[in-house]
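With mature numbering (1 follows the signal peptide of the UniProt record, and there is no 0) applied, the sequence shown corresponds to residues -19 to -1, 1 to 560, in that order.
Backbone N, C-alpha and C fix where the C-beta goes; we use that ideal spot for every residue, glycine too.
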Amino acid sequence: MLIQKSLIATCLFASLAYGRNITYSVVTPAGDQHTVGVTVDDTTFALKPSPECPILFTGEAPEATKGYNYVKLKGNQVIEKEAFLRQIAKDNTPNEVYNRTWNTVQVAKLPNVLSPLPGINRIQTDLHIDGQIPTLYFSGDQAALETMLKNATGDNKVTTNMTYITPSKIHQVNNVSIHLGGRGSRWSTKLAYNLKIEDKNGFMGYRRLKLRSLVSDPSYLREQIIYDILQSAGVATTGFSYARVYFNDRPMGLYGFIENYRNPWLKNEFNGGEKMDVGFLYQGMSGSSTTGSRSDLSYRGDNVTAYADGAYRLKEAPKADKADTKKDAGDEDKEDPVANPADFTKLMEYTKFLEQGPVNGSDAVNAWKEKMDMESVIRNMVLEVLLGFSDGYIANLDNFYVYHSPQLNKMIYLPSDVDLGCGSTMVKLNDMWSGNYEQYPGFSMKRPLLNFIKVPEFKQQFEQLLVKLTKELVNPAVVNKRIDELANMLREDVAWDKTVPPANPNPPEAGQPGGPPSIEPSMIPPPLDVPTIMNMGIRANVTFDQAINGLNLGISLSGLKEWFQRQSQATLAHFNATQ
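Dropping the structure here:
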């Protein structure tokens, strides 16, 4: 135990020998037995919990002449200190984070390769700030939070107050409900969460947000890079940022912070946050657990009831259609509009066109463009191939939305939950690296949305965009600098995340009570690959640096940079194009 030679300064006279006082601020839980202080040069000064957040410690102390660092105290004894000396602060410090050597960093950005889709009018907020990792602190009934964590397959909801701390600002939001999110992530040691803000003003314009666990990605970077690329390609999507998360004094880990495609997301994305008429938003769920049908956008006839079997979920509806809400233990947001079969009429009409729409002739292009935003479809299908969405529409009929815009009177395609991409996969890597999109897993199977490729003009547009995005965006020369600088930014927080005790330390195995259902290999639909899925367990032993820079990590995981190298080379070679 380290013993501080000087006594903790507790009175004004101790600071008179120094220059003027400044305010020091640091985020860290102290625990019941300890307090927090700052050592300025060789003297330690006690800090006190901020009235705004009990894990933000602040206090005045003199300007340093040599440097300063933050310490943990037991009584007057320093029992722990930061391993580095911080540079001299001439003014009040930012809200710093214990044992993090930086507050804000400059990170290389990706170029905007394509203009946003014509229907996009996204609000500008500070929700996702590049080069920072805010702290999210949730204060609430700890017993209720622990009950939620111990019942990972349940639908417990806990009301909390949220404090969002950046280096320069503190935002406080009351009445924020937390419940467990995701599907497969509920059987992980690190859980995902959905947030709902009761105040209609929301938080920075949003009321429903997600905390992504990042547990399947040892690089911690795939979702960030994928969402960056989606935005650079101008499609409608959420932003992404990182946050350290605490439930009271309990650290939960490093999380991805994204928007949920729920009210008011649609008006934020398509109408600058201003009031607008909302259309029907449908989520593809891979398939129905009751009928076995898949969410492949197949036409099932004119009986709308056939579309309400659970393969799709109604996530938003015109105001007149969503006066009531229902609780659904299997739903990630718990509050869907009541879905009458008639609410699936737009989806039925859409799938009917996908199956019966013209694919040749002078009117084919216009017919498709009248029914859907073809730019949203073509861009997203190109990106699914280039980014290897092994859990997306093409490969697994999952993790997508289609939205009927009343303003455009067209369907818009939206990607979602992109963690299984860029070499984190449930299908064979080599099949995704052929360079030939027609060999991409799932592309030649029953995928009615891909019928657009039969229209010669759309096929040409699709192939030209594959090459353009490969040359200008999805290749190492463009993405590697951002990957490297994000990795440097994350390094200390990843190390911290690995020290956080798991929220769900002993998730039940398949077939056990509370565990996922047992699935025989024969039940796994192609092109998902059983050996590849079984190999996903190896990534627990893959280090942060290996996950970014490594090669041949396993049949279910490539290095992140390796993905861009292999995919760009194969694509350009197939089309006889040069970088």
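Environment of residue i [buried if 16+ CB atoms lie within 10 Å]
i, result
"D198", "buried"
"R1", "exposed"
"E543", "buried"
"Q87", "exposed"
"M(-19)", "Because the pLDDT at M(-19) is just 36, under 50, the model does not fix this residue reliably, and the point stays unresolved."
"N487", "exposed"
"S194", "buried"
"F381", "buried"
"I69", "exposed"
"residue 602", "This structure cannot settle anything about residue 602, because the visible part of the chain is limited to -19 through 560."
"M504", "exposed"
"G369", "buried"
"K71", "exposed"
"I500", "exposed"
"D305", "Note that D305 scores 41 on pLDDT, short of 50, meaning its location in the model is unreliable; the coordinates nonetheless yield the value given after this. Exposed: under 16 other Cβ atoms inside 10 Å."
"K307", "For K307, the predicted structure reports a pLDDT of 44, less than 50, and the residue's modelled location is therefore unreliable. The matter cannot be settled from this model."
"A554", "exposed"
"D32", "Here residue 32 turns out to be Pro, not Asp, going by the sequence shown. With fewer than 16 other Cβ atoms within 10 Å, it is exposed."
"D372", "buried"
"A320", "buried"
"N347", "exposed"
Contact under 8 Å by Cβ, residue i with residue j
i, j, result
"L176", "V196", "no"
"T451", "S549", "yes"
"K62", "V78", "no"
"L28", "T39", "yes"
"L447", "V366", "yes"
"A224", "P148", "no"
"V459", "L202", "no"
"F238", "L192", "yes"
"T106", "G186", "yes"
"S200", "F525", "yes"
"S222", "I110", "yes"
"Y145", "G162", "no"
"L108", "Y242", "no"
"V8", "N76", "yes"
"S397", "G100", "no"
"G220", "Y208", "yes"
"V94", "L454", "yes"
"N485", "A133", "yes"
"G404", "L538", "yes"
"V511", "F443", "no"
"residue 580", "G234", "The structure shown does not extend to residue 580, since the chain is modelled only from -19 through 560, so no value can be given for it."
Inter-residue CB distance, residue i and residue j (contact presumed, cutoff 8 Å)
i, j, result
"E473", "T82", "7 Å"
"F26", "A42", "4 Å"
"R463", "A89", "5 Å"
"E240", "D400", "E240 to D400, Cβ: 16 Å. No contact."
"P299", "G254", "Rounded, the Cβ-Cβ distance is 19 Å, inconsistent with contact."
"S267", "N377", "6 Å"
"V154", "D122", "Rounded, the Cβ-Cβ distance is 17 Å, inconsistent with contact."
"G518", "A528", "Not a contact, Cβ separation roughly 15 Å."
"residue 564", "F228", "No information on residue 564 is available, as it lies outside the stretch -19 to 560 that the chain covers here."
"T20", "N50", "6 Å"
"P429", "L328", "With a Cβ gap of about 12 Å, P429 and L328 do not count as contacting."
"Y331", "M426", "With 8 Å as the limit, Y331 and M426 do not qualify as a contact, their Cβ atoms being about 19 Å apart."
"N102", "F251", "6 Å"
"I36", "Y118", "6 Å"
"G112", "T85", "5 Å"
Proximal residues to residue i (C-beta, below 8 Å), its chain only, five neighbours per side dropped
i, result
"T4", "T39, G40, E41, N73, T74"
"N432", "L335, E336, G338, V340"
"N244", "R188, R189, V259, E297"
Cβ-based neighbour list, residue i, same chain, cut-off 7 Å, excluding 5 preceding and 5 following
i, result
"A551", "W414, S415, G416"
"S270", "G291"
"L98", "G215, V216, A217, D354, E356, S357"
"K333", "Y280"
"P483", "T170, K171"
"P322", "V285, T286, A289"
Cβ-based neighbour list, residue i, same chain, cut-off 6 Å, excluding 5 preceding and 5 following
i, result
"Q264", "R294, K296, Y382"
"V139", "G121, A125, L126, M129, I159"
"K352", "F334"
"F556", "V448"
"A558", "V448"
"M257", "K248"
"R547", "W414"
>> Just to confirm the assignment: which complete beta strand (DSSP E) runs, minimum length 3, are found wholly within the region 180 to 254?
In response: Entirely contained in the region 180 to 254, the beta strand (DSSP E) runs reaching 3 residues are, in chain order, 189 to 193, 221 to 228, 231 to 240.
>> Which complete beta strand (DSSP E) runs does the region 21 to 48 hold, if anything under 3 residues is left out?
In response: Listed in chain order, they are 24 to 31, 34 to 43.
>> Please give the ranges of any beta strand (DSSP E) in the region 124 to 158, keeping only runs that are unbroken, at least 3 residues long and fully inside the region.
In response: Within the region 124 to 158, the complete beta strand (DSSP E) runs of at least 3 residues are 138 to 146.
> Of all the alpha helix (DSSP H) runs that stay within the bounds of the region 360 to 389, which reach a length of 4 or more residues?
Replying inline: Every alpha helix (DSSP H) of 4 residues or more that sits fully in the region 360 to 389 is shown, in chain order, as 374 to 377.
>> Just to confirm the assignment: which complete alpha helix (DSSP H) runs, minimum length 4, are found wholly within the region 440 to 504?
In response: Segments of the alpha helix (DSSP H) lying fully in the region 440 to 504: 457 to 478.
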